[in-house]
Each structure stands twice: as structure tokens, then as C-alpha cells.
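Residue numbers (the working numbering), protein chains in the order written: chain A, 83 to 239; chain B, 172 to 451; chain C, 15 to 443; chain D, 316 to 585; chain E, 1198 to 1565. Positions of the beta carbon are idealized from the N, C-alpha and C atoms, including for glycine. A short worksheet on the structure shown next.
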């Protein structure tokens, strides 16, 4: 898919919708359209984080492998969610596995190009970072609530 | 056979455990039958009983059976404290004492003609089950019906067969999420609040009932506010130390409310101010 | 058997209060060593009494022994009262005596029925004995319960009574209240008579020794609270002279100190000593019953101490009845006093024998020094001599029987090992 | 005569006065019922029979004061399914823990001519400082009804009904008159755990803390009330430094008072 | 129509009550306090004694006259009659696979309460709302209430700890009694008697008493007025509920908590505090079980215990609960305050905490 063909996707996607059209053009230059089958890895823990995904359809799990318990899914992400933010900050390494649970369509961004264009267009970088931070905040909240292990507690004597 | 003598509110009636079903590693369901003939227990969805285990003690447990099916009394219990742990040791044929039912009911009538969002966390599904039975029996009275259910792990999911059957029937939109995905789980992993994001509802004709840990109810209510559902149409089921269930003992007060007689079900505005008091 | 070489060791002595061990060494038919080893850890009462207010001594010293707290409370009160120059008389003195009767009953009945009798009948415990002698054990339990009720009635509770203070009591009963005890005491007296007959009919080993019996003697009454210190070998002193006539030594194997009568050696305190020195002061019922069951005015077989204890239980019941019937309410529950500097002595007859206290205070009643000599440390040497003689005499018995016999010989004294370690002050100058 | 179906009971003694185990023998009405409900496998004070472990229920009396006892309690824990401490010695070090505030070497030479024979630790410590304790029954002595309750609760697998509230509650349930308010008698009742039946106020004297601190005890406030009633700092200090002097709340308060009395002193000096 | 009863004939009133089958409960001197207990005759009354009260302080003193009811209130309240400190609810037996429960018989002995103060009548009325007007009336309480005969005595003097005038609960009784008496010492020692119920009227009719003169009635009024004038403490009600609700995070709670012993004495002596604990006990054989109800207190850590801990862990939060419940949320729950101004919680607090002063502290800080 050509960058100009990606532009409509960006304009519709809630993550980018508010950005001006010229930004969509810049972003589209870094992006590609990608499809994953169930079980495909989007990235792997410890590898260099070279990509940033914006989900259009399907479901992606953030996984970790725990020796005695096997594969554990920490969260699932779906349409409208972003996947991966390790690419934004050094050391640019993924912290978990991301795996398609169902057939998934996503926009994949070249992280190196993206970072370079942010350097050139700080307003765009700022705008995307804010969006990203909003999702990070939401996930931190979720993680904190999960830490409480709420459903394990009962008030019955 | 003479008339059934009404016992005093503090006196348990003997019931026999007919069946014990182990739901998860520490959750089990009892089917109880009154020992005195005709001593059945009419209840409304949302009410609870005080279950007395001889020699060990008494605990409040929500009723999780079908209010319109006559006969046995059904309770799903988590073995968490001394009494409930001892209860887990009991077998079919053993006797327990039952007082009740106590408390008020879920607003199943208020919800007629509306979209219904039932949000439950953990064992909160058990007190909600009578409501689900009611809705299934009278499905035509309700519009869209969602059951949003958050569990700890896939193996902690209660009543899995029933959930599947409800979902398959197409009568209820059942959505489940877990805190930690394991054992090949391919469903959602995340908070029950996240499930609210994706459902379709008419915020001006919607009633929500929430049952689960207090913090879960708090955040679920907040997520529903974001969907423009008015607080007075959000209902929660509260828990506090409950000793008498009759309003005598004073233990279960939350602000001006007695959970046992004013609740356990409250509309959100009634309880909101007291939910966030810091009892330090 | 005549060349018997064996070490008999019982690491944990059963049915005694506190923890001790028996050690018996025989070599070539000779008994080389016979020891009652006390490994109950020391608790340093005398040390931490220093610096405390002398009014605290009844509460603190009670904790020396849970079996006979009243003995310590009484000794402490008497010593403290001597310092400030008061002497509770009349109903206050009678109430103290009544309380002490409760302790004698409770402690003696516990020993007779639960600790000692099973030896004679071959049971490991009174609980096992109850299977075949339910009535007897139930009688014992009820007798004991009344003793405890007496202590709770006056003292508030049976272990570590709370109503005892220097000068008297915090609160005294009304006449109406005290009379409620009467019915129980009457039952107890009858049961005590049965107890004497029952214990006297037990089988006793033929074992007599010539003891120096040391006890209190009071001109008018069988000794509980007070009197002069006397013995069957001519001792007759004021209790304040205790230190001049008795001394304690510390032996390596023991956490306890052992006492001897200076210039005389080991001596025996407790029921046999009291009985020997005060037979004439027992009630007529006690004296007649003693004669009826074939116990003379003196008893030198320590195995028969169970009978003498039974007589004392009967005495305690009769004395309690007398006090209950004659009781009038005192003007005040206690006498007032002002603390002052001085030294005071107290010596009372604990169930196991004399229990001696000596305190020195400063002007404000703060303790500068404390010495407490409990009965069991005084009997320890006598116990060991009994063991020595008994082992020689019983050399023919199989090990198991000899061991049991030796244990029984220790139990003859109803030793209270817990008390024994709380004790004894040695003057290290 | 051991009954294999019954839970095995053991009673152990450490540094103590014996009063708490005596409380079991003092349960004249219940003793045979106890013997019927449990198999008394080890209880030297009551029986010559000394069966080996494991034991279902161990009752432990007394505090740890010697190196040997510190080892012994470990062994007992290993053979005990449930371990319950009985009395102030076992739960707070007891009255002999008063040594913990002083120099024990000086103590030993004060009492014994040959202190070298004495094998003792510098501190008298509660059992829970050495091993995991399943339940602590307070009191000096314990209340025998509470002991029966603990055994009943154990047999019925429920929580013992042993309240942690103040002595005042028992006093009021018995409808006794408050000695502090009506008689101006200093009383530790408001900071002491119930269990004795509010005995002392019933005998017109102030509570002296046999059952140790209650839950959330406000020791500073009661100390202030005592001061206002005319008690000296020394009296207040001694009141906290009694039978349960080594229990945390009472120890902390006594050390606070000691600091007021001797601002420059090291707390260890007498 | 008020009647007069000579003080010397008080025993005839007692006799009349006894003849109707009532056991008498009333004031008497015990352990240096005036407490309510079984009365045999007027001899048992604390004649000639009065009580001096202050925060954390109570002292009996001789009066210079022979008034029978010349004291104010003591440590016991009448709630012990209707809601006893401890009562067994039932006994259960489990044997041979059968579980049988035997309910404790309800009380059947009628009781006459002698010397009930107006504030105490209000307290009984408050407990009526709590224990009789909910969805599950307490059968024991109901039985005792139905069988009780209330002889009120109007206060003619106040203690320093009283504040019934703030609570509108005294000093004269206006309702809830069968008989109300005012004791007058001068010029002669008499009681002015008034019936407040058919039972009371019937009894007075049987006693065949003289009418009280206008002057005697005026004396009685003056006595009550004197008690009113003597009241020093106050607990203004205006805006109190909102004040407390709004003071939830106030730092003054910490100040109270530094003094509060959380000993629960205030709740035990309070005539309206109704909280109880349900205790399940068993015997050693495991065949018998019982349930007991006993007074409990929101000052206990265990009070709010749920699996995993207590909801109110600090003394601060427990005192706040007590005061806020008593003076604020009680209104929401029962349409009345939970306080009758008897002052017991002030007198019997070993730390002398005075709720009127604490409320004032909240008010003052609000005004700043």
C-alpha cells in the first residue's frame, strides 16, 4: 500500500484523527499496512524495538513467559489500541512479547524513521507523545488495579 | 400438618446440604433443602441469608439460585475465612442453619424496558445469578442485556457452562475478561471497566447493576458515567461486617446506612459519598 | 542383684509442679549418688524486687508459684506489715486464714488425688484412674473445686488472687455472702473424712526415717499464718532468727539452692513436720480420725504423707467452717499505714511447708533487699536422703519398679520445683 | 489407652510459675470432658505417660530464658500441628522479663553464689519471638474458661472467642462501678485486654494489667490520667513494668516514662 | 389531674406495683455510686444522697435533706432491662444427624422501673425506634417493653454533666411514662404524682390519693425549672449534622484520638447505644452450641472486621464514627438524634472526654 493510500486510515483512526493533514502525510511516509495471523509475533521481548503498531482490527496479547506457568497474557489490545512504546525511548528494546490472538490488521510504523521525523517536526512528536502517554497512563492504571488482586479478596468471614 | 411456626429472626432453621459442587479450587455451591416440610425460602434476586455452621459460626451469603424456581436454596461460597473454610469441609447430607432472607433486591423492575448492564467481578457473579435467571425468564421485558464479568484468571471463572449457554442463546451479550491470561486463554485480559468501552447502549434508558469488590464497583461506576449513564441508574451491592442481619447489631453501618436492612443494594448516589471516606 | 550397677535417670519427673529430673547411680550394689536435679530456669524474683514498692510484693511474689500463691502473698504481707508496725487482727486475720484454708485444700487435694494416689494404685494419671475409680476422682475434683471456690470467693481467683494487700484486703465479704459457702464446706468436710479413710487404706512401703521436723507452732491454733519456728530436736526460735539457723547452698547440678539447718543438716518441712509438731492442735475430729485409721501422733513414713495431707484437708474444711460461722464484718477492709525504713520477716505454712520472706525497705517503702526461702528448696536434701535410703532398701526391685518407687518417693514431698527456683538469696559480700 | 481418633494434646513448660497449666487441672468440671475429647499424650504435671509426637495441639506455658529452652521450643514447634501459648510468660515474657530492663549478670550474682553454674539468657522472651505461634492466650494466670474455649474452638475448628477489647467492657457488662471515675483509683483497665472478668475493679482495686495490652491501647493517655490522679512517675513506670512489662505497648510507654525520669540515662541502667 | 403522695407513703406505691405483679427496679447505693437494681422497699433507695459529676469524675455526697431521688443519673442505664448486657438467644443440639434449636423463652416477669429520668425516657423511645420499628423487631426487647411500667421522676436538680435542655429531652418528663413524680422537700416532703397512661391512671385510682394543690403543683414546676437553670453544658443542635459530616477530615479528630482510650466506656454507659455482638459458642463435646448477644462497641477493632482486616483501624476513625453516628447519621437513620444529653459518656470517660466540648471545637474552627 502506498503512503498516500494510508493517509485515509490515519485520518480515521482515533489515535491520529485530531492531527492536521500534513502530519498524516509525514506519518504515512513511515507507515505500512500489515496483517498478522493468530499466533504471529508483532515483536519479541528483548529485541530491538523497531516498530510501532496501531491496531485496526483483531486482538493482540501482551505476553510474558513464566517458567512454571507457561505463557501468561498480561493484557489484550484491540481495535484503536496502540502496541509498543519501547521504540520511543532508549534503549529501544521491547519489554514483552506481543502476539496476535486473532487475525489482526495493523498499521506498522518504522520506529527509526518515526523518531527522525519527530526530531524534524517537534510539534508532531509532541502530539503523538501526548497520545501515547494517554494510553500508557490508562495501562498503568489497569496494572495498578490488577496488582490489588481484587477478585481474590472476600469480605465474608 | 400444622402451620409452620415462624422462628424469631435470630433463630436459624435447619437445612440439609443436598449437593455440593466444587466450582473452582476454593469456591463451591451448595443446594440446601429445608428440614421442615414447606419451610422453603422465598426470596428476591439480590437478597442474602445468614448461614450457620454448627459449632463454627455464621456468615452472610448471597443467594445465587433462581427465585422463581420453587424449592431448594442455592448458595455459592468462597472458602476464605474460618467459617467458610469449615463449610468447604461439609458434605451432602450435613446440616446447616439458615436465617433469612434478608436485605433488599436488585432493581429488576426499574430495569424493564431498558438496556441492562450487569457488571460483576470475581465472586460477584453469584449474587447476580438470580437476576440473570429472572431476565432470561422475562427476556422480552428488557432491551440489550450485557453481562460484563471480570475474573482473576481463566480457572477462576464461575459457572463456565452456564456462561457459555447464556452467550450461545443470544439472549445475553456475555463478555468476560481476566486479570491474567493463562492456560491458553484467548479471551480478553484487562479490567472489567475496559469491557464497557465497546458495548452499545442507550444511556438514557439503561440500568446497571454492579457486584464485586468495592474498588471494582467504584471504577466500573466511573466508566459507566463516562458512557453518560445517570448515577441513580447504577446500583451496587455492598458488603460490611454483618452479624445480625436484622438491623440490631450496628456493625454493618456505612455512613447513615445499614447494609443489612437498607441494602445490600444501593443506588450509587445514596452510597457514593460514603464509599470514598478514608477511615484512617 | 547384690552387685547391681546401673544408672537410673528420669529426665522429666511427672506429676510434680515444675520440671526436675531424678538421677540415681548404683555401682557394685552400692548407691553412689541420688539426686533430685532441678533444671527449672531461674527467674530472679529477689533481684527484680529491689527497687519496687513494698506494697507490690503480694502481687509480684504470688507469681513465684501458681500452686501456692497465697503462701507467698501471706509471707510478703506479714513481712511488710512488720516493717510498718501493723498487725491485722480479728475478722481480717480470720479471712486470711480462710483464704489459706482454700489454698491448702486446693493444693493438698490436687496432690492427693491427681498426683500421688495414682502411684499407689498403679495408674499413670488421675485421668486414667478415673476409668476404674470414677467416683473417687470425682470426689477429689469436687473437693478441690471447693478449695478453689474458697480462694476465688476471698481472693478473686484461685491462681494469683487479687484481693490481698499489705494491711488486709481491698474488699471484704458481707456476712450474708460468706454464709453462702457453708453448704459446700459441710459437704467437703464429709468428703474429707472419706478421703482420710480412703488414703489410709492404701498400701504403703515399709519405710521410716528419723527426720528433723521443722514447722511453725502457734499456741492456740494449728499453724497456717504464724507462730514460732520449732522442731522435734529442740529448735524454738522467732521467725526473724531464721537466717541464723538455716543456710542455703548452691550446688552445681541445680538451678535451685538447697537449705540445711546449721549444725544439724537436712531437715523436713511440710505436712509430716506440722503434724508431728502440732498434733495436739488439730480438731478433735481430726485427732480421732487419725487414731481410727491407725496413724499415730507422729508419722515418719513419707509415703504416708498422703494420709497426713488428707487429715490436713479435713482440718482446713473444719477450720473454714468455724471461720465462716463466726465471721463478722471488719470496720475497714484493711489497716492504714505509712511506709518507713526497716526490715520485716514473714513465715507461713505453705502446703509444702514453711515459706520464709525477709524484706528491707527505705523510708519510702522501696525495697532495698529481699530474701524468699520456699519450702521445696528446704526439703531437697531430705528428698535426696530418702532416695539414697530407699534405693538401698529396694535394690531387689526390677529397674522399672525401682524407678517408679523412687519417683513416688520424690512425690511424697509434693515438691514444687517452680517455686524452688525462685528463691534463695545468698549473701555475696 | 490411647485413642487414635482423638487429637493428641501436649502441655509444655518453660520458665513460669505453673499457674497456667494448673488452670487446666483447675477445670474441675471440664477436666474429664477434656480428657474425653482429646488424647492427653504429654502433660508431665498430670501424667507419667509421655507419648511422642506429633501432637495436634500443643499448649506452651512459660518464657524462653535459657539457650537450652531456645532449642527445645524449636523441637516442640516441629512436632506440633497447632501451637497455642498460654499465659503472660509465654506471650510476653512474663514477670521474669523484668530482667530485660536490667543487667542479668548482676542479677545472677545477686541470687547465686556460683553464677557460673547458671545457664541463662540475658532476656526472657515470649514464645512468638522464637517460633510461629498459632494462638496466644493471655493472662497471669489465664482464665480457665478461656482455656476451655480455646480447646473447644480447636476441636470445632473455629476461631476462639477471645475478645481483644478493654477490661472496661467486661467491667461494664458485669455492671461494676468504675473505680477510676467513682473512686479515683488508678486503673490499667482501659488499656488492658479483657479476659479476667474485670476482677480487680470488682474488688474495688485498679486493674494491674494481667492480660497485657488490649488492641490499640492508648498508654500515654492513661498515664496522663494517672498523673492527674496524683500518681508519681515512678508509680506509673512500675505499673507498666509489671507482669506484662515486656509486651510492646507497655514496654514502649515505660521506656518513655523512664526517659522523663532519667533524661540522660541509658535505658538499661536500673 | 396531679395527686399528692406523702413521702412517708412511698412504700404504698411500691406495694401497689408489687400487688400488680411487678418486680421493682430502681436506684440504690452500691460501690460508691447510685445504680439501678432490684428494689425491695423504699429502704433500698439512696435517701439523702446525691451525686457530684464532672468529666471523668463521679462522687457520692450526703445531702442535707432526706430526698429519695436527690441524685441525677448513675453509671447504669435502663437499657440493661430491655437490652441486657448479655443474653442467650438459643441453644442448639446436633446429634444423630439432627440439628435442633431451642429458642430462649421470652421474659414474662413484668418490671416496674422506678425513678426514670426524662432523658432516659427519651433514650428508651430512641431504642424503641431502633429495635422495634425496623424490618425485624427484637422479640426480647418487645416483650420487656410491653411488660414494663415506667415511674418517671422529674429532675429538680442537674449535674454539671447534664445537657438535656440542648437536646430537648428534659428535665421534666412529657411522655412515655405510666406515672411521673416530682419530689418536693419544702415545706413538706411529698411527691406530686401524675398518670401518663391508662395503666398509670388505674393505679392512681386504686391508691385513692388527694389531689395536689395548686401551690404544690407550682412547687413541682419550680423544682423542674430549678433543674433547668442549673444546666451548664450545651450542645447546640443547629447545623450539627452537616457540621459533623463536613468535618470528616478535620485534624481535631487526631487531638481527640490522642486522649481517647478506645476503652468503650462511653458506649457501655450510653442509654441509646445499641450495638451488640453475636457470639457462637460450643462445648467440648461439640454436641451443644449456643448463641449469645452481648453489648459491643464501635470502639473495638473487631467491630468492623471483615476478611482481611478491620475497616476502622484507628482510634481516630472509631471515635469519629461514634460521634458522627450519635449526633448526625442517627438523624438520617431514625429521624432523631442518638443523644439525650444525660452526660454519662462525659462522666464515665476515664479520660474525661466531653462530647459537648469536642463539638464546640469543631464549631469554633469552622467559624474561624
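*the stretch 1456-1476 of chain E contacting the stretch 401-421 of chain B, beta-carbon criterion three pairs below 8 Å*: In this structure the stretch 1456-1476 of chain E touches the stretch 401-421 of chain B; the number of beta carbon pairs closer than 8 Å is three or more.
*Check whether the stretch 398-417 of chain C touches the stretch 103-117 of chain C, counting contact only when three or more Cβ pairs, one atom from each stretch, lie closer than 8 Å.*
Contact between the stretch 398-417 of chain C and the stretch 103-117 of chain C is not established, with fewer than three Cβ pairs separated by less than 8 Å.
*Is the Cβ-Cβ distance between residue 1271 of chain E and residue 1232 of chain E less than 8 Å?*
Translated into positions along the fifth chain, residue 1271 of chain E becomes position 74. Translated into positions along the fifth chain, residue 1232 of chain E becomes position 35. Yes; because the gap between Cβ atoms is below 8 Å, this pair is in contact.
*Return the first residue and the last residue of the alpha helix (DSSP H) that residue 1395 of chain E is part of.*
Here residue 1395 of chain E refers to the residue found at position 198 of the fifth chain. That run of the alpha helix (DSSP H) goes 1395-1404.
*asked:* Does the stretch 134-144 of chain C come into contact with the stretch 91-108 of chain C, if we say contact requires no fewer than three beta-carbon pairs (one atom in each stretch) closer than 8 Å?
replied: Remark: fewer than three beta-carbon pairs, one from each stretch, lie closer than 8 Å, so the stretch 134-144 of chain C and the stretch 91-108 of chain C are not flagged as touching.
_Cross-strand partners of residue 231 of chain B (DSSP beta bridge)_ = Looking up residue 231 of chain B in the second chain gives position 60. Paired residues: B:221.
*Should residue 477 of chain D and residue 398 of chain D be called a contact, given that it needs their Cβ atoms to be closer than 8 Å?*
Position 162 of the fourth chain, counted from the first residue, corresponds to residue 477 of chain D. Position 83 of the fourth chain, counted from the first residue, corresponds to residue 398 of chain D. Residue 398 of chain D is positioned such that its CB atom lies no closer than 8 Å to that of residue 477 of chain D.
*asked:* Mapping the DSSP letters down to three states, classify residue 437 of chain C as helix, strand or coil.
replied: Counting from 1 along the third chain, the entry for residue 437 of chain C is found at position 423. Low confidence applies here, because residue 437 of chain C scores a pLDDT of 38, under 50, leaving its location unreliable; read the following figure in that light. Of the three classes helix, strand and coil, the one that applies to residue 437 of chain C here is coil, per DSSP.
*residue 458 of chain D CB to nearest chain B CB: under 8 Å?*
For the purposes of this step, residue 458 of chain D is taken as residue 143 along the fourth chain, with counting starting at 1. Chain B contact via Cβ: absent.
*Any C-beta of chain B sitting closer than 8 Å to the C-beta of residue 143 of chain A?*
Indexing the first chain from 1 puts residue 143 of chain A at position 61. Yes, its Cβ sits closer than 8 Å to a Cβ of chain B.
*Closer than 8 Å by C-beta to residue 160 of chain A: which residues in its own chain qualify, once you throw out the five before and the five after it? Chain order, please.*
What you label residue 160 of chain A is simply residue 78 of the first chain in a count that begins at 1. Excluding residues within five positions, the ones whose Cβ falls inside 8 Å are 137, 140, 141, 142.
_What would DSSP say about residue 1545 of chain E, mapped onto helix, strand or coil?_
The residue given as residue 1545 of chain E occupies position 348 in the fifth chain. Three-state result, residue 1545 of chain E: coil.
*In this structure, does DSSP put residue 161 of chain C in helix, strand or coil?*
Along the third chain, one-based indexing puts residue 161 of chain C at 147. Helix.
_Can you tell me whether residue 1198 of chain E is buried or exposed? The criterion is at least 16 other CB atoms within 10 Å of its CB, across all chains shown._
Sequence index remark: in the fifth chain, residue 1198 of chain E carries index 1 (1-based). A residue is called buried once 16 or more other Cβ atoms fall within 10 Å of its Cβ, and residue 1198 of chain E, having fewer, is exposed.
*Range covered by the alpha helix (DSSP H) that runs through residue 1450 of chain E*: Here residue 1450 of chain E refers to the residue found at position 253 when the fifth chain is read from its first residue. Counting along the chain, the alpha helix (DSSP H) containing residue 1450 of chain E begins and ends at 1449-1456.
_Beta-carbon proximity list for residue 239 of chain B, same chain, < 8 Å, skipping 5 on both sides_ = Counted from its first residue, the second chain places residue 239 of chain B at position 68. Exclusion of the five residues before and after residue 239 of chain B leaves 304, 305, 308 as the residues of its chain whose Cβ lies within less than 8 Å of its Cβ.
_In whole angstroms, give me the CA-to-CA distance for residue 1432 of chain E and residue 1453 of chain E._
In the fifth chain, residue 1432 of chain E corresponds to position 235, counting from 1. In the fifth chain, residue 1453 of chain E corresponds to position 256, counting from 1. Near 17 Å, if we compare the C-alpha coordinates of residue 1453 of chain E and residue 1432 of chain E.
*residue 324 of chain D to residue 373 of chain D, Cα distance in whole Å?*
Position 9 of the fourth chain, counting from 1, holds the residue named residue 324 of chain D. Position 58 of the fourth chain, counting from 1, holds the residue named residue 373 of chain D. In a straight line, the C-alpha of residue 324 of chain D is about 6 Å away from that of residue 373 of chain D.
_Relative to the C-alpha of residue 1414 of chain E, which candidate in E:1397, E:1390, E:1405 has its C-alpha closest?_
Taking the fifth chain and counting its residues from 1, the one referred to as residue 1414 of chain E is at position 217. Here the closest residue by C-alpha is E:1390.
*Residues from the stretch 1471-1488 of chain E in contact with chain B, defined by Cβ distance under 8 Å*: Answer in chain order: 1471, 1472, 1473, 1474, 1475, 1477, 1479, 1483, 1486, 1488.
*Going by C-alpha distance, which of E:1346, E:1304, E:1338 is nearest residue 1217 of chain E?*
Here residue 1217 of chain E corresponds to residue number 20 of the fifth chain, with the count starting at 1. Comparing Cα-Cα distances from residue 1217 of chain E to each of E:1346, E:1304, E:1338, the minimum goes to E:1346.
*Distance between beta carbons of residue 1522 of chain E and residue 1535 of chain E, contact taken as under 8 Å*: For this step, residue 1535 of chain E is matched to residue 338 along the fifth chain. For this step, residue 1522 of chain E is matched to residue 325 along the fifth chain. The C-beta distance from residue 1535 of chain E to residue 1522 of chain E rounds to 6 Å, short enough to fall under 8 Å.
_Measuring only the C-alpha atoms, how far is residue 1550 of chain E from residue 376 of chain D?_
Along the fifth chain, read from residue 1 onward, the residue named residue 1550 of chain E stands at position 353. Along the fourth chain, read from residue 1 onward, the residue named residue 376 of chain D stands at position 61. Each residue's alpha carbon lies about 40 Å from the other.
*Flag residue 445 of chain B as yes if its beta-carbon sits less than 8 Å from any beta-carbon of chain A, otherwise no.*
By one-based count along the second chain, residue 445 of chain B stands at place 274. Not flagged as an interface residue toward chain A: residue 445 of chain B, since no C-beta distance is shorter than 8 Å.
*Presumed contact (8 Å Cβ cut-off) between residue 1463 of chain E and residue 1546 of chain E, rounded CB distance*: Numbered from its first residue, the fifth chain carries residue 1463 of chain E at position 266. Numbered from its first residue, the fifth chain carries residue 1546 of chain E at position 349. For a cut-off of 8 Å, the C-beta gap from residue 1463 of chain E to residue 1546 of chain E is around 6 Å, short enough to register as a contact.
*Using a Cβ-Cβ cut-off of less than 7 Å, give me the residues of the stretch 470-488 of chain D that come near chain B, in sequence order.*
From the stretch 470-488 of chain D, only 471, 472, 473, 474 have a Cβ closer than 7 Å to chain B.
*In angstroms, rounded to a whole number, what distance separates the CA positions of residue 127 of chain C and residue 216 of chain C?*
On the third chain, position 113 is the one that residue 127 of chain C refers to. On the third chain, position 202 is the one that residue 216 of chain C refers to. For residue 127 of chain C and residue 216 of chain C, the distance between alpha carbons rounds to 12 Å.
_Proximity test, Cβ basis, 8 Å: residue 563 of chain D and chain E_ = Against the fourth chain, residue 563 of chain D aligns to sequence position 248. Answer no: the Cβ-Cβ gap between residue 563 of chain D and chain E never drops below 8 Å.
*Less than 7 Å between the CB of residue 319 of chain C and some heavy atom of the ligand GDP, yes or no?*
This structure does not include the ligand GDP; it has no bound ligands of any sort.
*At a CB-CB cut-off below 9 Å, which residues of chain B make contact with residue 186 of chain A?*
Residue numbering aside, residue 186 of chain A sits at position 104 when the first chain is read from its first letter. Listed by position along chain B, the residues whose Cβ is nearer than 9 Å to that of residue 186 of chain A form an empty set, because the closest Cβ is around 13 Å away.
*Locate the alpha helix (DSSP H) running through residue 337 of chain B, then write down its first and last residues.*
Along the second chain, read from residue 1 onward, the residue named residue 337 of chain B stands at position 166. Start and end: 331-340.
_Check this for me: beta carbons of residue 387 of chain C and residue 373 of chain C, under 8 Å apart or not?_
On the third chain, residue 387 of chain C is found 373 positions in, with the first residue counted as 1. On the third chain, residue 373 of chain C is found 359 positions in, with the first residue counted as 1. By the CB criterion at 8 Å, residue 387 of chain C and residue 373 of chain C fall outside the cutoff.
*At which residues does the beta strand (DSSP E) containing residue 445 of chain C begin and terminate?*
One cannot answer for residue 445 of chain C here, as it falls past the ends of chain C, which runs 15 to 443.
*asked:* Check for me: the alpha helix (DSSP H) holding residue 386 of chain D runs from which residue to which?
replied: Here residue 386 of chain D refers to the residue found at position 71 of the fourth chain. Start and end: 382-393.
*With 8 Å set as the bound, which would you pick, yes or no: does the beta-carbon of residue 228 of chain A sit closer than that to a beta-carbon of chain B?*
Indexing the first chain from 1 puts residue 228 of chain A at position 146. It does: the Cβ of residue 228 of chain A has a partner Cβ on chain B nearer than 8 Å.
*Are any of the Cβ atoms in chain E nearer than 8 Å to that of residue 450 of chain B?*
On the second chain, residue 450 of chain B is found 279 positions in, with the first residue counted as 1. Judged by the 8 Å Cβ criterion, residue 450 of chain B is in contact with chain E.
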